[in-house]
Amino acid sequence: MARAQIQSEAPGLAARRIAADIVEGVLRGKRSLDDHFDGAQAHPALAAMEDRDRALVRMLAATVLRRLGSLRYLLERYLAQGLPKDAPRVETALLIGIAQILWLDVPDHAAVDLSVRLVQADRRAQRYPGLVNAVLRRASREGIADLEAAPATIDVPSWLSERWRKAYGDDATDAIALAQRAPPPLDITVKQNADEWAARLRGHVLPTGSVRVVAEGAVTRMPGFDEGAWWVQDAAAALPARLLGDVAGQNVADLCAAPGGKSAQLAQAGAKVTAVDRSSPRLSRLKQNFTRLGLDCEIVVADITAWDAPQFDAVLLDAPCLATGTIRRHPDVAWLKRDSDLESLAGLQSRLLDAAVAMTKPGGRIVYSVCSLEPDEGETQIASLLARNETVERDAIAADEVGGLAEIINAGGELRSLPSHLANPDPRLAGMDGFFAARLRKR
Ligand SMILES: C[S@@+](CC[C@H](N)C(=O)[O-])C[C@H]1O[C@@H](n2cnc3c(N)ncnc32)[C@H](O)[C@@H]1O
1 MARAQIQSEA PGLAARRIAA DIVEGVLRGK RSLDDHFDGA QAHPALAAME DRDRALVRML
61 AATVLRRLGS LRYLLERYLA QGLPKDAPRV ETALLIGIAQ ILWLDVPDHA AVDLSVRLVQ
121 ADRRAQRYPG LVNAVLRRAS REGIADLEAA PATIDVPSWL SERWRKAYGD DATDAIALAQ
181 RAPPPLDITV KQNADEWAAR LRGHVLPTGS VRVVAEGAVT RMPGFDEGAW WVQDAAAALP
241 ARLLGDVAGQ NVADLCAAPG GKSAQLAQAG AKVTAVDRSS PRLSRLKQNF TRLGLDCEIV
301 VADITAWDAP QFDAVLLDAP CLATGTIRRH PDVAWLKRDS DLESLAGLQS RLLDAAVAMT
361 KPGGRIVYSV CSLEPDEGET QIASLLARNE TVERDAIAAD EVGGLAEIIN AGGELRSLPS
421 HLANPDPRLA GMDGFFAARL RKR
């Protein structure tokens, strides 16, 4: 839509319409939230928007996806006849409307008005402004109270919450689900002087060394971004690279490296890094990040399972996975992934692990990590590797290597962080991604 046309609309309507397109693109088109914001398939109207409006679009879409179970629970209660089958925009307008009323800083009357306009602007939905108006008014009166009866895991697809109950028990599963309800903090890895950067960015240094701030505005405008003093990286995601220990001067392979947060840590620690990934577009982002940070590495575009690799002193393998540990940051993951994805991912992970072991010199260290809560992609992978390959042994991780956080080390000396760890009374400052990492030594 042309800029002039956007400007002549009711204030805020363009952001709601684009957010509605994106929510439908995720839920019906099965495309990721990130794909709608960046790259060749980004929503065309975003390019003309101010940063502030883009951030609002993202907040609207992410809040709907983060609280989708709660929102649909209310809709089921409020719509005795169900949703109209012939007009998908009605549901989307309701989801966006209720999300604003219950959780965002938007006056209720504005949320109702904008959702009514959304359906009026849609050919198939324009018969339903009365229904939208009535449901949103009811949500505004009764929504919070009605949600009190809903289970803690209401926003988690049941195939996932059932898996987590088996792996972690009921209490931990509820805690994970509750932790995923709040928008995540912004964690950054600084090259040096963490205390100084924490003071400048009005954040604090976590026990693990990351700096945590409450995100306000565009990251690219924050002090230190242009000069390459830091990069964005969840506190849990910053741990696996550190588990390789002192890598200064060593030849280190970062397998599945893009967009490069872990490669940057290794390069900053003085390693000679070879960053390998099969995706050229993702490696271009790694290159841009390295240029901004003033760091160096060798970049290899390759499928690691078929790569004729040299031998390395140490290897980090951050394997592709279901990514269920990042649902708070990427709430679309909960609705896009399927349990049927697990089998092929697990097969790929074990082939990647075999390749990682083969390219490690005797005596060298290997760290395997995944941002997944699924033991099939973590604990079970390592147990099977140790059972099939006698050239590697486990090298247990100690709590003092992860800032003393004993809660994130399991009985086998592996890292297992949950979104409910790093608790904080202020939900904007709490939690960390769910990660698994194991360290091995080649005999
Ligand atoms: C979890 S992401 C890596 C994140 C990265 N380590 C970081 O910290 O920024 C997984 C990566 O694995 C890559 N990948 C998946 N299968 C691969 C394969 N067979 N060979 C090489 N790279 C692969 C994907 O392109 C993706 O970039």
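Take the sequence shown: its letter number 114 is residue 114 in UniProt numbering, and every next letter is one higher.
Every residue, glycine too, gets a C-beta built ideally from N, C-alpha and C.
| Asked | Found |
| --- | --- |
| By the three-class DSSP mapping on this structure, what secondary structure does residue 1 have? | Caution is warranted here: a pLDDT of 47 is assigned to residue 1, below 50, making its placement in the model unreliable, and the coordinate value is therefore given only provisionally. If DSSP states are grouped into helix, strand and coil, residue 1 belongs with coil. |
| Taking Cβ positions, are residue 520 and residue 213 nearer each other than 8 Å? | Since the first residue of the chain shown is 1 and the last is 443, residue 520 is not available in this structure. |
| Hey, is residue 260 close to ligand 1, as in C-beta under 7 Å from one of its heavy atoms? | yes |
| Can you check the segment 202–251 for any alpha helix (DSSP H) of at least 4 residues that lies completely inside it and give the ranges in chain order? | 239–242 |
| Looking at residue 256 and ligand 1, is the gap between the Cβ and the nearest heavy atom below 7 Å? | yes |
| Just checking my contact of residue 418 with residue 377 at CB under 8 Å: how many whole Å lie between their CB atoms? | About 15 Å; that fails the 8 Å criterion. |
| Just confirm the distance between the C-beta atoms of residue 63 and residue 99, as a whole number of angstroms; I'd bet it's less than 8 Å. | 5 Å |
| For the beta strand (DSSP E) that residue 367 lies in, which residues bound it at each end? | 360–370 |
| Using a threshold of 7 Å, is the CB atom of residue 350 nearer than that to any non-hydrogen atom of ligand 1? | no |
| Is the closest heavy atom of ligand 1 to the C-beta of residue 64 under 7 Å? | no |
| Can you tell me whether residue 457 is helix, strand or coil according to DSSP? | Any property of residue 457 remains undetermined from this structure, which presents the chain solely from 1 to 443. |
| Would you call the segment 385–397 and the segment 281–296 in contact, with 3 or more CB pairs under 8 Å? | no |
| Which residue marks the beginning of the alpha helix (DSSP H) containing residue 166, and which one marks its end? | 158–168 |
| Is any non-hydrogen atom of ligand 1 found closer than 7 Å to the C-beta of residue 132, if you look at the structure I gave you? | no |
| Is residue 274 near ligand 1, judged by its Cβ being under 7 Å from some heavy atom? | no |
| Spell out a yes or no on whether the segment 182–190 and the segment 220–239 are touching, meaning 3 or more CB-CB pairs, one atom from each, closer than 8 Å. | yes |
| Take the Cβ of residue 144 as the centre, count every other Cβ of all protein chains shown within 10 Å, and call the residue buried at 16 or more, exposed below. | exposed |
| Spatial neighbours of residue 357 within its chain, please: CB distance less than 7 Å, with the 5 preceding and 5 following residues excluded, ordered by chain position. | 366, 389, 391, 392, 442 |
| For a test of the three-state rule: what should DSSP assign to residue 351, helix, strand or coil? | helix |
| Under the rule that 16 or more other beta-carbon atoms within 10 Å means buried, what is residue 159, buried or exposed? | exposed |
| Would you call residue 3 buried or exposed, if buried means 16 or more other Cβ atoms sit within 10 Å of its Cβ? | Because residue 3 sits at a pLDDT of 49, beneath the cut-off of 50, its placement in the model cannot be relied upon, and the following sentence gives the value as read from the coordinates. Its Cβ having fewer than 16 others within 10 Å, residue 3 is exposed. |
| Distance cutoff 8 Å, beta carbons only. Does residue 155 sit that close to anything in chain D? | The structure shown contains no chain D; it holds only a single protein chain. |
| Kindly list the residues whose CB is nearer than 6 Å to the CB of residue 403, restricted to its own chain and excluding five residues on each side of it in sequence; keep chain order. | 207, 208 |
| Please give me, in chain order, every unbroken run of the alpha helix (DSSP H) with length at least 4 that falls completely inside the segment 36–120. | 51–66, 68–78, 88–103, 108–120 |
| Whole-angstrom Cβ separation of residue 67 and residue 103, contact assumed at under 8 Å? | 7 Å |
| From residue 1 to residue 43, what distance separates their C-alpha atoms? | In this prediction, residue 1 scores a pLDDT of 47, lower than 50, which makes its location untrustworthy; no coordinate-derived value is stated. |
| Note down, in chain order, each residue of its chain lying with its Cβ closer than 7 Å to the Cβ of residue 351, except the 5 sequence neighbours on either side. | 305 |
| From the DSSP output, in three-state form, read off residue 318 for me. | strand |
| For residue 336, tell me which candidate among 18, 31, 17, 16 has the shortest Cα-Cα distance. | 31 |
| Would you call the segment 164–180 in contact with the segment 135–149, where contact means no fewer than 3 C-beta pairs closer than 8 Å? | no |
| For residue 333, tell me which candidate among 308, 23, 14 has the shortest Cα-Cα distance. | 23 |
| For residue 372 and residue 9, what's the separation of their Cα atoms in angstroms? | 42 Å |
| Relative to the C-alpha of residue 106, which residue among 192, 41, 16 is closest? | 16 |
| In the DSSP assignment, what are the bridge partners of residue 190? | 230 |
| So, under 8 Å CB-CB, residue 369 and residue 411 are touching, yes? Tell me the CB distance rounded to an integer number of Å. | Contact flag wrong, Cβ pair sits at about 19 Å. |
| Shorter than 7 Å, the distance from the beta carbon of residue 236 to the closest heavy atom of ligand 1, or not? | no |
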